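So the protein sequences, as listed, match chains A and B.
Take the position in the first sequence, starting the count at 1, then add 484; the result is the number in the working numbering.
Take the position in the second sequence, starting the count at 1, then add 286; the result is the number in the working numbering.
Note that beta-carbon positions come from the ideal geometry of N, C-alpha and C, so glycine has one too.
Values in this document were obtained by computation on a predicted structure and should not be read as measured data.
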Amino acid sequence: MKPSPFTYHAPRTLDEALDLLATFDNARVLAGGQSLMPMMNYRVVQPEHLIDLGRIAELAFIDDTPDGLKIGAMTTQRTIERSALVRERCPLLTDALFHVGHQQTRNRGTIGGSICHLDPSAELPVTACALDAVMIAAAKTGRRKIPFVDFPAGYLTSSLEPDEILVAIDFGQWPQRAGSAFEEYAVRPADFAIVAIAAVIATDGDDIITEARIAAGGIAPVPTRLTGVEDILKGQRPSDALVKRAAAAAAAVPAEGDDANPPEYRQELAGHLTQRALTKAVRRAQT
Amino acid sequence: MSTHEISITVNGTAYTRTVDSRLHLADFLRQELGLTGTHIGCEHGVCGACTILLDGAAVRSCLLFAAQVDGHSLETVEGLAPDPEHLHPLQEAMRDCHGLQCGYCTPGILMTMKAFLEETASPDEAQVREALSGNLCRCTGYQHIVDAVLLAAERWRR
Numbered sequence: 485m486k487p488s489p490f491t492y493h494a495p496r497t498l499d500e501a502l503d504l505l506a507t508f509d510n511a512r513v514l515a516g517g518q519s520l521m522p523m524m525n526y527r528v529v530q531p532e533h534l535i536d537l538g539r540i541a542e543l544a545f546i547d548d549t550p551d552g553l554k555i556g557a558m559t560t561q562r563t564i565e566r567s568a569l570v571r572e573r574c575p576l577l578t579d580a581l582f583h584v585g586h587q588q589t590r591n592r593g594t595i596g597g598s599i600c601h602l603d604p605s606a607e608l609p610v611t612a613c614a615l616d617a618v619m620i621a622a623a624k625t626g627r628r629k630i631p632f633v634d635f636p637a638g639y640l641t642s643s644l645e646p647d648e649i650l651v652a653i654d655f656g657q658w659p660q661r662a663g664s665a666f667e668e669y670a671v672r673p674a675d676f677a678i679v680a681i682a683a684v685i686a687t688d689g690d691d692i693i694t695e696a697r698i699a700a701g702g703i704a705p706v707p708t709r710l711t712g713v714e715d716i717l718k719g720q721r722p723s724d725a726l727v728k729r730a731a732a733a734a735a736a737v738p739a740e741g742d743d744a745n746p747p748e749y750r751q752e753l754a755g756h757l758t759q760r761a762l763t764k765a766v767r768r769a770q771t
Numbered sequence: 287m288s289t290h291e292i293s294i295t296v297n298g299t300a301y302t303r304t305v306d307s308r309l310h311l312a313d314f315l316r317q318e319l320g321l322t323g324t325h326i327g328c329e330h331g332v333c334g335a336c337t338i339l340l341d342g343a344a345v346r347s348c349l350l351f352a353a354q355v356d357g358h359s360l361e362t363v364e365g366l367a368p369d370p371e372h373l374h375p376l377q378e379a380m381r382d383c384h385g386l387q388c389g390y391c392t393p394g395i396l397m398t399m400k401a402f403l404e405e406t407a408s409p410d411e412a413q414v415r416e417a418l419s420g421n422l423c424r425c426t427g428y429q430h431i432v433d434a435v436l437l438a439a440e441r442w443r444r
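Here is the structure:
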């Protein structure tokens with residue numbers, strides 16, 4: 485298998501990459517290539533110009549800023565997975581990465597690439613959805629911030645403009661007294677998830693839930709916040725009964741499906757995975 | 287279409303070649319350098335047969351263009367054995383435990399496991415299975431490969 489012919493560009497700076505992107509029609513940016521390259525090999529995608537971001541050092545970083553954790557779009561999944569700083573400041577991300585592909589693909593795959601590719605069951609977009617992460621996009625004309633809720637434009641499609649590059653993801657501050665968990669079901673470990681659930685629970689000193697964030701992948705074309713489930717949890721004291729009620733609500737959220745995994749199966753999974761994720765998140769919030 | 291001059295080191299030997307932009311690294315290794323130990327299975331990043339080490343990290347060479355690795359250092363299965371008379375501990379253990387039958391997936395597994403054992407000197411079986419999850423084998427059922435990796439780890443530690 486061969487991709488169709490293209491011209492390869494290897495810019496060293498973001499400005500250079502943005503110039504190239506603004507210059508050419510039918511250009512694609514290449515991040516880690518773990519999704520784009522199979523699509524090119526199959527000729528599903530046939531760019532005439534391929535702009536490789538792999539040599540742009542300024543796009544790969546993990547920064548602990550006063551406003552929270554900020555990660556450069558070209559940081560590899562493996563680097564993030566192994567970062568003690570990420571584990572401390574955003575443990576949901578570390579847990580999510582455990583489910584992402586294989587070591588060989590995490591060595592190349594980037595956080596920005598996965599979030600821009602927006603596979604409906606991919607773990608990193610679900611994580612960004614749960615945390616209300618902010619995407620920082622750059623164009624020649626300047627930068628803009630896109631809250632994750634506005635980032636997906638549809639199935640496998642981001643709302644980036646053709647001349648924009650995702651440069652960083654701002655995960656914000658990790659809440660106080662918070663616990664989180666990432667649970668998914670796939671036929672084999674490391675396969676694409678059928679349904680994935682990310683949960684964050686924060687409590688106050690009286691053990692009342694002050695913040696509940698639940699995001700689901702695999703039930704819709706784009707990651708979805710289960711706001712109805714979040715509302716059940718907020719202001720309540722964690723208990724097994726509360727978690728069960730929330731899980732039942734998650735299973736009642738309408739899902740889209742296909743022949744292999746129909747909607748009702750995905751709903752059932754969403755319920756079980758929400759129960760598992762919440763049980764862990766609550767326990768972690770309390771310790 | 288564009289062409290690019292690349293300079294890379296493979297198993298300690300430096301090469302400079304001119305490559306087409308769309309030439310995969312796996313095809314480059316096999317066709318341009320004659321290093322046919324790197325096998326090509328699925329060509330879309332699923333089977334792991336083409337796994338090599340890029341600056342020490344296991345990666346799939348069907349998901350890289352040769353032009354991307356200019357200036358980098360690679361290791362392939364040809365560089366594993368210390369000399370023509372001896373095998374690498376992983377290769378010996380694969381032989382001793384019957385960790386291969388047709389052998390097609392073996393180079394990718396050896397390279398994946400080399401990177402794994404360099405990071406995880408004393409793995410348990412679950413860790414080995416997790417590390418092997420990106421490599422498909424259609425012959426062995428994996429049990430003998432897992433046995434081989436655990437044996438290699440034990441011998442390597444000594």
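- Within the stretch 555-620 of chain A, the complete alpha helix (DSSP H) runs of at least 4 residues fall at 561-565, 568-573, 575-581, 587-590, 595-601 and 607-614.
- Annotated three-state conformation of P636(A) is strand, per DSSP.
- K400(B) sits in a helix when the DSSP states are folded into three classes.
- For the set P673(A), E667(A) and A683(A), the Cα lying nearest the Cα of W658(A) is the one of A683(A).
- Taking a C-beta distance under 8 Å as the contact criterion, R592(A) and L349(B) qualify as a contact pair.
- The beta carbons of A652(A) and I620(A) sit closer together than 8 Å.
- Using a Cβ-Cβ cut-off of 9 Å, T589(A) is close to G331, V345, R346, L349 and G420 of chain B, given in chain order.
- Within chain B, the C-beta atoms nearer than 7 Å to that of D536(A) come from Q354, in chain order.
- Taking V432(B) as the centre and dropping the five residues before and after it, the same chain places the C-beta of E411, V414, R415 and L418 closer than 8 Å to its C-beta, in chain order.
- Between H601(A) and chain B, the shortest Cβ-Cβ separation is not below 8 Å.
- With contact defined as three or more Cβ pairs closer than 8 Å, the stretch 699-713 of chain A and the stretch 638-648 of chain A are in contact.
- Think of a sphere of 8 Å around the beta carbon of Y526(A): the chain B residues whose beta carbon falls inside it are H330, in chain order.
- For G334(B), at least one C-beta of chain A is nearer than 8 Å to its own C-beta.
- Shown here, A700(A) sits in a strand according to DSSP, grouped into three states.
- For the pair V713(A) and T763(A), the Cα-to-Cα distance works out to about 14 Å.
- When the alpha-carbon of R512(A) is set against those of P495(A), P531(A), T559(A) and D503(A), the nearest one is in P531(A).
- In the three-state scheme derived from DSSP, where H, G and I count as helix and E and B as strand, H372(B) is classed as strand.
- When C-alpha distances from V618(A) are compared across T589(A), S643(A), R729(A) and Q720(A), the shortest belongs to S643(A).
- For L498(A), the enclosing alpha helix (DSSP H) stretches over residues L498 to T507.
- Against chain B, a Cβ distance below 7 Å from Y492(A) picks out S288, H290, S307, F351 and A353.
- In chain order, L349 and L350 make up the part of chain B whose C-beta sits under 7 Å from the C-beta of G517(A).
- At least one CB of chain A lies nearer than 8 Å to the CB of T398(B).
- If you check the CB distance, G385(B) and G334(B) do not come in under 8 Å.
- Between the C-alpha atoms of Y301(B) and R539(A) there is a straight-line separation of about 20 Å.
- Closest by C-alpha distance to A699(A), out of A730(A), L553(A), D724(A) and L534(A), is A730(A).
- In the three-state reduction of the DSSP assignment, H756(A) falls in the helix class.
- Cβ-Cβ distances below 8 Å link D691(A) to R721, P722 and Q770 in the same chain, with the five nearest sequence neighbours on each side left out; the list follows chain order.
- A residue is called buried when at least 16 other Cβ atoms come within 10 angstroms of its Cβ; R444(B) does not meet this threshold and is exposed.
- For A300(B), the beta-bridge partners assigned by DSSP are T295(B).
- Here the alpha carbon of E607(A) sits roughly 40 Å from the alpha carbon of P368(B).
- A direct Cα-to-Cα measurement between A725(A) and T711(A) gives close to 19 Å.
- Of all alpha-carbon atoms in E748(A), L514(A), F582(A) and L577(A), the one lying nearest the alpha-carbon of F676(A) is that of F582(A).
- For a Cβ distance threshold of 9 Å, nothing in chain A lies close to A312(B): the least Cβ distance comes to about 11 Å.
- F632(A) and C600(A) have their alpha carbons spaced roughly 11 Å apart.
- Between the C-alpha atoms of A407(B) and A439(B) there is a straight-line separation of about 6 Å.
- According to the DSSP secondary-structure assignment, T322(B) is paired through a beta bridge with no residue.
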